[in-house]
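Residue numbers for the sequence shown follow our numbering, beginning at 707 and rising by one.
Beta carbons are placed, not taken as given, at the ideal position from N, Cα and C, and that holds for glycine.
Computed from a predicted structure; not experimentally measured.
So the structure is just underneath, and the comments pick up after that.
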Amino acid sequence: MKIDKYPQYRLYKFTKLLNINKEKFQKPYTGKRAVNGTIVNRAYYSAYSYALLWLEEHEFKLKKKWEFKVKGEDYKTEHQQVRDA
707 MKIDKYPQYR LYKFTKLLNI NKEKFQKPYT GKRAVNGTIV NRAYYSAYSY ALLWLEEHEF
767 KLKKKWEFKV KGEDYKTEHQ QVRDA
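Written as structure tokens, this is what we have:
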């Protein structure tokens, strides 16, 4: 798969550029946390978008959340699973 033609690749390149130049964007009153959070969110979204595109291109069928439900139990979101752990 030639990834450089997809918008997700451009998002990845932009995220990488943000990471390289993050010191330029840090304000004295915000610190590193806001900039790093933005970079992490962009990187996560870029990876998610690219993975979804790859799955669709290779004709993988995505399962619905209720297909993972354990018999006799209610479905738990990932957030609930982490919170209850």
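Local conformation of residue i per DSSP, three classes
{"i": "Asn747", "result": "helix"}
{"i": "Leu761", "result": "helix"}
{"i": "Gly778", "result": "coil"}
{"i": "Pro734", "result": "coil"}
Residue range of the unbroken alpha helix (DSSP H) whose run includes residue i
{"i": "Thr721", "result": "713-726"}
{"i": "Asp790", "result": "784-790"}
Which listed residue (the options) has its alpha carbon closest to that of residue i
{"i": "Tyr715", "options": "Lys770, Tyr756, Val788, Asp780", "result": "Tyr756"}
{"i": "Val741", "options": "Glu729, Glu765, Glu762", "result": "Glu729"}
{"i": "Lys722", "options": "Arg739, Ile745, Pro734, Lys711", "result": "Ile745"}
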